[in-house]
Amino acid sequence: MNTALILAGGIGTRLGGNLPKQYIEVCGKPIIGYCLDAFERNRDVDAIRIVAEKSWHAFILKWTGAKFRGFSMPGRSRQLSVFHALEDIRPESADDDLVIVHDAARPLVTERLISECIKNCAGHDGVMPALPLKDTVYASKDGCRVSGLLDRDGIYAGQSPEVFRLGIYYEANRRLLPERILRINGSAEPAVLAGMDIALIPGDENNFKITTGADLEGFRRMCSCRKEGTV
């Protein structure tokens, strides 16, 4: 079984206002609703579980479909939230099943990218879509002066959805409890630390994460253009 795990537990409001970014409405639909639609339509996804604060459950349920299997509670950090969901998924899954981790704040994920991630997991412990860096990358020890130049040819910007074999990924996370898991920043980090075989596939430039006001405005423009049929 392939289970999509949608991370919507963040409460940050750095975009301004009182709403966490994943619940901001754009063209009549909350940001989380766009990625939920993509996973609901995708034939390779069997089930969807959402990490979200209880106060948002009723709101989210308006945008769920037949594949929805329930909520998991957020943890003290992003990766602890992932671990809570893995614990909820395990009783109804096999170790070789796939878990597909995706940020609710990446609303433009496509069905094609989801399927490519799942398909390319064959023969691997996991898959991550990634983009090569276009800009020259510099190092700085103090944040004030350039201290070195990095080889961008070997550096990639990871995206989600990230796909993992459930059993081995669960163990990779469990071994980081109770404190180390709080310092994890990305879903693939526990897998890399555990020596899991994670394949890279080409990411999608449009599959950006809404983090800043400029990101949000860009998403609004894209949605408006699509609604008007101009793209």
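Each residue of the sequence shown is one higher than the one before, starting from 0 at the first, in numbering that gives the first Met the number 0. Cβ atoms here follow ideal geometry from the backbone N, Cα and C, with glycine treated the same way.
So, at 7 Å on beta carbons, what are the nonlocal neighbours of residue 199 in its own chain, with the 5 sequence-adjacent residues on each side left out? As a working mapping, residue 199 is identified with position 200 in the sequence shown. Excluding positions up to five away in sequence, the list reads 127, 129 and 155.
DSSP puts residue 107 in a beta bridge; with which residues? In the sequence shown, residue 107 corresponds to position 108, counting from 1. Looking at the DSSP output, residue 107 shares a beta bridge with no other residue.
Using DSSP's beta-bridge definition, name the partner residues of residue 126. As a working mapping, residue 126 is identified with position 127 in the sequence shown. Per DSSP, the beta bridge partners of residue 126 are 162 and 198.
Do residue 38 and residue 88 have their beta-carbon atoms positioned less than 8 Å apart in this structure? By one-based count along the sequence shown, residue 88 stands at place 89. By one-based count along the sequence shown, residue 38 stands at place 39. No; because the gap between Cβ atoms is not below 8 Å, this pair is not in contact.
I need the boundaries of the beta strand (DSSP E) containing residue 71, first residue and last residue. Here residue 71 refers to the residue found at position 72 of the sequence shown. For residue 71, the enclosing beta strand (DSSP E) has its first and last residue at 67-71.
I believe residue 107 touches residue 172 by the beta-carbon criterion, under 8 Å. Please report the beta-carbon distance rounded to the nearest angstrom. Position 108 of the sequence shown, counting from 1, holds the residue named residue 107. Position 173 of the sequence shown, counting from 1, holds the residue named residue 172. No, residue 107 and residue 172 are not in contact; Cβ-Cβ is about 27 Å, not under 8 Å.
On the DSSP letters alone, give me the boundaries of the alpha helix (DSSP H) that residue 32 sits inside. Start at 1 with the first residue of the sequence shown, and residue 32 comes out as number 33. Start and end: 30-40.
Out of 214, 209 and 223, state which residue places its alpha-carbon closest to the alpha-carbon of residue 9. What you label residue 9 is simply residue 10 of the sequence shown in a count that begins at 1. Ranking 214, 209 and 223 by Cα distance to residue 9 puts 209 first.
Suppose you measure from the CA of residue 120 to the CA of residue 136; what does that come to, to the nearest Å? Residue numbering aside, residue 120 sits at position 121 when the sequence shown is read from its first letter. Residue numbering aside, residue 136 sits at position 137 when the sequence shown is read from its first letter. So the alpha carbons of these two residues sit roughly 30 Å apart.
Would you identify the three-state DSSP class for residue 25, choosing helix, strand or coil? Locating residue 25 in the sequence shown gives position 26, where the first residue counts as 1. In this structure, residue 25 counts as strand in the three-state DSSP scheme.
Between the Cα of residue 63 and those of 40, 142 and 76, spot the shortest distance and give me the residue it belongs to. Translated into positions along the sequence shown, residue 63 becomes position 64. For residue 63, the nearest C-alpha among the options comes from 40.
6 Å CB neighbourhood of residue 99 in its chain, flanking five on each side removed: Here residue 99 is taken as the residue at index 100 of the sequence shown, counted from 1. 3, 160 and 162, listed in sequence order.
On a CA-only basis, which of 177, 123 and 81 is nearest residue 196? Give me that one, please. Numbered from its first residue, the sequence shown carries residue 196 at position 197. The shortest Cα separation from residue 196 among 177, 123 and 81 belongs to 123.
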